[in-house]
Amino acid sequence: MSESQSHLPVLVESLKPSDSLPFPLYVLLGDSLMLFRTQRDRLAAHDLEELLRAEKVELVTSGERSDAYLPLISDSVKSVVGMPGMPRERLGECYRRGLVAASHILANAETEAGYQCAENLTETMIELLDQCAHEYAATADLMKTDPNFAEHALQTSMLGMMLANAVGYPHVAQLGIGLLLHDLGEVALPREVRECRTQGERTRYESHPRLGAQLLAKAPWCSPKVVDIVLNHHERLDGSGFPGGCKGSDLSPAARIAAIVEAYDEGVSGSPRAESRKNFAVLQELLVRDAGKFDPDYLKAFVRLQAARAEA
Numbered sequence: 355m356s357e358s359q360s361h362l363p364v365l366v367e368s369l370k371p372s373d374s375l376p377f378p379l380y381v382l383l384g385d386s387l388m389l390f391r392t393q394r395d396r397l398a399a400h401d402l403e404e405l406l407r408a409e410k411v412e413l414v415t416s417g418e419r420s421d422a423y424l425p426l427i428s429d430s431v432k433s434v435v436g437m438p439g440m441p442r443e444r445l446g447e448c449y450r451r452g453l454v455a456a457s458h459i460l461a462n463a464e465t466e467a468g469y470q471c472a473e474n475l476t477e478t479m480i481e482l483l484d485q486c487a488h489e490y491a492a493t494a495d496l497m498k499t500d501p502n503f504a505e506h507a508l509q510t511s512m513l514g515m516m517l518a519n520a521v522g523y524p525h526v527a528q529l530g531i532g533l534l535l536h537d538l539g540e541v542a543l544p545r546e547v548r549e550c551r552t553q554g555e556r557t558r559y560e561s562h563p564r565l566g567a568q569l570l571a572k573a574p575w576c577s578p579k580v581v582d583i584v585l586n587h588h589e590r591l592d593g594s595g596f597p598g599g600c601k602g603s604d605l606s607p608a609a610r611i612a613a614i615v616e617a618y619d620e621g622v623s624g625s626p627r628a629e630s631r632k633n634f635a636v637l638q639e640l641l642v643r644d645a646g647k648f649d650p651d652y653l654k655a656f657v658r659l660q661a662a663r664a665e666a
């Protein structure tokens, strides 16, 4: 499988006769996945009967990031809730499928299908996180250190929803969607711009929250709370953030949560601007070096969550 492709289990019930496949379909035969139908083939009724008898059916999503994948990706993610096994196993599978979904969501976030897929992924993660509420190790195991967009988006979303639950923030789903999409405006920037080696590159990089928010604000199905998170996730309480230099009461509770979890995950995962660091070092920076930049109550709650993770 090439780097631009991902395997994802597909819910056969999502397929319909005469569907023109936007992807190749594979079935498990013994220990091997074998090609069942190629891209743009049309399914017949007997094909679906055969797929229903298969032990495993997978699609291979391509680097095209077509929105044709989104309904099937959504169904694949939602189906995790009904899978057998322990809650932590289901959460792990949701995370694996969510990485595939997140890359397609980011590429199609300004479409209704992309936004719906983000909603479905967020709702599934909320349900599974609730099931694992007393088993923090289940989520600790998922926190990888890979700076790619999809993983950063998914990890930040999960961390944000966990912090929201801890502090009693009520709009958890919209927070999760906003954090999945928070770097939408950065996706199209060349890596050299994201490295911010010159002032011109930094100025262009610091425009990405506004670019992402402008894209989403045009969509009638997008919640203003989601736009708020995308626009303000780099703002700081003391006014030192960007793009608007907002501070204090100008920042909503959602934006304050987003600022903490985004800064933390970028620190531990790394970025084109900085190497990754140990989570203790990143937390120490947030608490000491960056004191005054983040909501103190939310930050304390987040540190307590990370302490629980360290003990898991």
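Residue 535 in our numbering is what sits at position 181 of the sequence shown, and the numbering runs on without skipping anything. Every residue, glycine too, gets a C-beta built ideally from N, C-alpha and C. Bear in mind that the values here come from a model prediction, so they are computed numbers and not experimental data.
Simplified DSSP state of L382, which is helix, strand or coil: strand
Extent of the continuous alpha helix (DSSP H) to which N633 belongs: N633 to Q638
Exposed or buried, what is A491 when buried is set at 16 or more other beta-carbons lying within 10 Å of its beta-carbon? Here the model assigns A491 a pLDDT of 43, short of 50, so the residue's position is not dependable, and the following value carries that caveat. Burial call: exposed.
By how many angstroms is the C-alpha of A472 removed from the C-alpha of R548? 25 Å
When we look at the beta-carbon of S372 and count the other beta-carbons within 10 Å, is it buried (16 or more) or exposed? exposed
Same chain only: Cβ atoms within 6 Å of E555, ignoring 5 sequence neighbours per side: Counting only Cβ-Cβ distances below 6 Å, and skipping sequence neighbours, we find V547.
V581: which of L565, V541 and F596 sits nearest, CA to CA? L565
Stretch-stretch touch, CB-based, cutoff 8 Å, three pairs: the stretch 647 to 662 with the stretch 606 to 625: yes
Under 8 Å, do A527 and I480 count as touching if we go by C-beta distance? yes
Along the chain, where does the alpha helix (DSSP H) containing H506 start, and where does it finish? F503 to V521 is the span of the alpha helix (DSSP H), which, as asked, contains H506.
With a threshold of 6 Å on Cβ separation, who are the neighbours of A504 within its own chain once the five nearest residues in sequence on each side are excluded? The answer, listed in chain order, is L453, A456 and S457.
For P441, name the three-state secondary structure that DSSP assigns. helix
If we define contact as Cβ-Cβ less than 8 Å, is S374 a contact residue for chain D? No chain D appears in the structure shown, which is made up of a single protein chain.
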